[in-house]
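For reference, the structure is listed below as structure tokens.
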Amino acid sequence: MSDALRARLGEVVPDDPDGRTFAEMLAENLVSLACTQGRSAVAAAAQVVDRIEGRALQSIEIADVAADIRARSDEELRFYLANGRWPAADELVPAEDEQKK
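Okay, so the sequence shown: first residue is 7 according to my numbering, each after it adds one.
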């Protein structure tokens, strides 16, 4: 499909007085639409900018959950299992206090 579209876009538009290709006509129409106040102007402008500047990069932050869990103490893990959240600093019971109970 891509090859067929490229070939067709490279052809000269029949009866075009300026001898423009379909690609040139398409670009002209897209730019003209982007410069209007119509509903499609923003989408057309985005297409033009994407073709000229390239799409904006999107970054995704990935948390290393395994490293976070490995870094937790046994007390923190027990608290999480019991409460469904990580403890605040003042909520942890030191291991020696736990053994006295």
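Every residue, glycine too, gets a C-beta built ideally from N, C-alpha and C.
To the nearest whole angstrom, what separates the beta carbons of residue i and residue j, a pair I think is in contact under 8 Å?
{"i": "ALA29", "j": "LEU39", "result": "The pair is not a contact, with the Cβ atoms about 16 Å apart (cut-off 8 Å)."}
{"i": "VAL19", "j": "MET7", "result": "Actually they do not touch by this definition, with Cβ atoms about 21 Å apart."}
{"i": "VAL37", "j": "VAL54", "result": "6 Å"}
Out of the options, point me to the one whose CA is closest to residue i's CA.
{"i": "ALA95", "options": "GLU82, ARG26, VAL37 and MET31", "result": "GLU82"}
{"i": "ASP70", "options": "LEU63, ALA52 and ARG78", "result": "ARG78"}
{"i": "GLY60", "options": "ALA52, ALA73 and ILE66", "result": "ALA52"}
{"i": "THR27", "options": "ARG91, LEU15 and LEU87", "result": "LEU15"}
{"i": "ALA33", "options": "PHE85, ASN89 and ILE58", "result": "ILE58"}
State the DSSP-derived secondary structure class of residue i, mapped to helix, strand or coil.
{"i": "VAL18", "result": "strand"}
{"i": "ALA94", "result": "coil"}
- Complete runs of the alpha helix (DSSP H) confined to the segment 9-85 [at least 4 residues]: Runs found: 28-40, 47-59 and 71-77.
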